[in-house]
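Chains as they are written, first to last, in the UniProt record's numbering: chain Z, 1 to 183; chain R, 1 to 183. Ideal placement from N, C-alpha and C gives every residue a C-beta, glycine not left out. Please read the structure below before turning to the comments.
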DNA sequence: AATGATTGTTTATTATAACGCACATATGTA
DNA sequence: TACATATGTGCGTTATAATAAACAATCATT
């Protein structure tokens, strides 16, 4: 979906026309000048969020009704297309698979840890949970004062309100799935 | 959801922080200056749609991830709160119950027709269908060259690509439900 | 401490979104 | 025909979004 301006324009015009509103009445309802409304419909303007908000609010439609983003039912994510967040000189790589979405309450990562690499994460807010599943390798973890080892194929869930360390003591790369949950 | 600017700010900062990006790198990825990004995060700016688009696109998140509109699972609509589209000197009133949404392919109205009132609608585009259910009164309709009468409780579906007329020949107000479908 | 690198903020300038008003073009009314 | 009302568009002005560059604050390493 390229060129939102054009998109918003046709959407707005559709909504307005199907209701039989004129630019004048629409301007009155929304509090946006009719000149601006006309320009937006023609794709000649680049509205700000507050303007869009006034329009959506006045017309009693949702924001995305104006944006019209296609809610692709199925989303295929290619790991090689994702640029990871790297630490540990590139030996600790975090791939955001399904990034943070405020509507959802979680996000999903794939993490790769090279041998002899160790990463310590600061404690997160109370209630934040991590769900870790080790897919390849053997993972050493230090959570608060606990120490434990997760074998390949096993999983762990823990409250992340304390500093926690991921460590690869083996000789092969560790790949793990990480689900982060925010309350 | 009041004050979108603030909302967008915290959303953007959340996404950026959870990925460990700095303003600089975010600016590089999105093509939006880091000064602007900072102001948006602090709610001090009122971004345009293209700016939001660049951010969403660069960060590979959906538009509504930034907007964060909570998709209220259940929506209660109060008819008395809806200002109708009136014609026929106020004797023909159309209440948009679930207004046009490009993602959906239909919209829903309640229509009230006072006695002795008649309304003729222009033909719509090919493929557009109307679903009419009469809830109160007795409705006379003229669709193309057809003429018919719909009793209380009955329904009708027709292709709206020809002019069609709604008429109240009785002595009580007609209330009907109208579903408009766009192909 | 001193240096350097990286972070986010502030400032000055440019580009343009938004407004109000005037204009033009219908569409109907006496 | 002339008049009236309502439609959408164009124009000049003002407010402000967006940028680039300078600045300040934080942290790391020597």
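Check the DSSP bridge columns for residue 87/R and list the partner residues they point to.
-> Within the second chain, the letter at position 87 stands for residue 87/R. 92/R, per the DSSP bridge assignment.
Report yes or no: is there a C-beta of chain R within less than 7 angstroms of the C-beta of residue 19/Z?
-> On the first chain, position 19 is the one that residue 19/Z refers to. Chain R contact via Cβ: present.
Mind checking residue 115/R: buried by the 16 CB within 10 Å criterion, or exposed?
-> Locating residue 115/R in the second chain gives position 115, counting from the first residue. Exposed, since its Cβ has fewer than 16 Cβ neighbours within 10 Å.
Between the beta-carbon of residue 150/R and the beta-carbon of residue 134/R, is there less than 7 angstroms?
-> Here residue 150/R is taken as the residue at index 150 of the second chain, counted from 1. Here residue 134/R is taken as the residue at index 134 of the second chain, counted from 1. Yes; because the gap between Cβ atoms is below 7 angstroms, this pair is in contact.
Of the residues 137/R, 136/R and 163/R, the one placed nearest residue 147/R, counting alpha carbons only | The count along the second chain starts at 1 and reaches residue 147/R at position 147. Among 137/R, 136/R and 163/R, the Cα nearest to that of residue 147/R belongs to 163/R.
Where the stretch 46–63 of chain R meets chain Z: residues whose CB sits under 8 angstroms from a CB there | 46, 47, 48, 49, 50, 52, 53, 59, 60, 61, 62 and 63
If you draw a straight line from the C-alpha of residue 31/Z to the C-alpha of residue 24/Z, how long is it?
-> For the purposes of this step, residue 31/Z is taken as residue 31 along the first chain, with counting starting at 1. For the purposes of this step, residue 24/Z is taken as residue 24 along the first chain, with counting starting at 1. Distance between the alpha carbons of residue 31/Z and residue 24/Z is about 10 angstroms.
So with Cβ pairs under 7 angstroms, would you call residue 115/R a contact of chain Z?
-> Numbered from its first residue, the second chain carries residue 115/R at position 115. Chain Z, which has no Cβ nearer than 7 angstroms to the Cβ of residue 115/R, makes this no.
Going along the stretch 107–136 of chain Z in order, which residues come within less than 8 angstroms of chain R, judged by CB to CB distance?
-> 107
Spatial distance of residue 57/Z from residue 137/Z (CA atoms) | Counted from its first residue, the first chain places residue 57/Z at position 57. Counted from its first residue, the first chain places residue 137/Z at position 137. Residue 57/Z and residue 137/Z: Cα-Cα distance of roughly 53 angstroms.
Compare the C-alpha of residue 62/R against each of 90/R, 8/R and 119/R and name the closest.
-> For the purposes of this step, residue 62/R is taken as residue 62 along the second chain, with counting starting at 1. Answer by Cα proximity: 8/R.
Alpha carbon of residue 142/Z to alpha carbon of residue 165/Z, nearest angstrom = As a position in the first chain, residue 142/Z is number 142, starting the count at 1. As a position in the first chain, residue 165/Z is number 165, starting the count at 1. Going by the C-alpha atoms only, they are around 5 angstroms apart.
Chain-ordered chain Z contacts of residue 67/R [CB-CB under 7 angstroms] | Translated into the one-based positions of the second chain, residue 67/R becomes position 67. Correct list: 63.
Rounded to a whole number of angstroms, what is the C-alpha to C-alpha distance between residue 199/Z and residue 179/Z?
-> Because chain Z here runs from 1 to 183, residue 199/Z falls outside it and cannot be looked at.
What beta strand (DSSP E) runs, 3 residues minimum, are completely inside the stretch 88–176 of chain R?
-> 92–98, 106–113, 118–121, 129–136, 139–143, 146–150, 155–159 and 164–167
Near residue 29/Z, what residues of its chain come up, given a Cβ to Cβ distance below 8 angstroms and the 5 sequence neighbours on each side ignored?
-> On the first chain, residue 29/Z is found 29 positions in, with the first residue counted as 1. Taken in chain order, the residues that qualify are 21, 58 and 59.
Residue range of the alpha helix (DSSP H) that residue 10/Z falls in?
-> As a first step, residue 10/Z is located in the first chain; it is residue number 10 there, counting from the start. Residue 10/Z -> alpha helix (DSSP H) spans 4–18.
Out of 52/Z, 14/Z and 177/Z, point me to the one whose CA is closest to residue 98/Z's CA.
-> Position 98 of the first chain, counted from the first residue, corresponds to residue 98/Z. Of the candidates 52/Z, 14/Z and 177/Z, the one whose C-alpha sits nearest the C-alpha of residue 98/Z is 177/Z.
Just the C-alpha distance for residue 159/Z and residue 87/Z, rounded to the nearest angstrom, thanks.
-> Taking the first residue of the first chain as 1, we reach residue 159/Z at position 159. Taking the first residue of the first chain as 1, we reach residue 87/Z at position 87. Their Cα atoms are separated by approximately 23 angstroms.
Using 10 angstroms around the beta-carbon of residue 42/Z, count the other beta-carbons present and answer buried if the total reaches 16, otherwise exposed.
-> Position 42 of the first chain, counted from the start, is the residue given in the question as residue 42/Z. By the neighbour-count rule (16 or more Cβ atoms within 10 Å), residue 42/Z is not buried but exposed.
Among 119/R, 50/R, 64/R and 68/R, nearest to residue 89/R - alpha-carbon criterion = Working through the second chain from its first residue, we reach residue 89/R at position 89. Looking at the Cα atoms, 119/R is the closest of the given residues.
Go ahead and label residue 168/Z buried or exposed: buried means 16 or more other beta carbons lie within 10 angstroms of its beta carbon, across all protein chains shown.
-> Taking the first residue of the first chain as position 1, residue 168/Z is located at position 168. Looking at its Cβ environment, which holds 16 or more other Cβ atoms inside 10 Å, residue 168/Z is buried.
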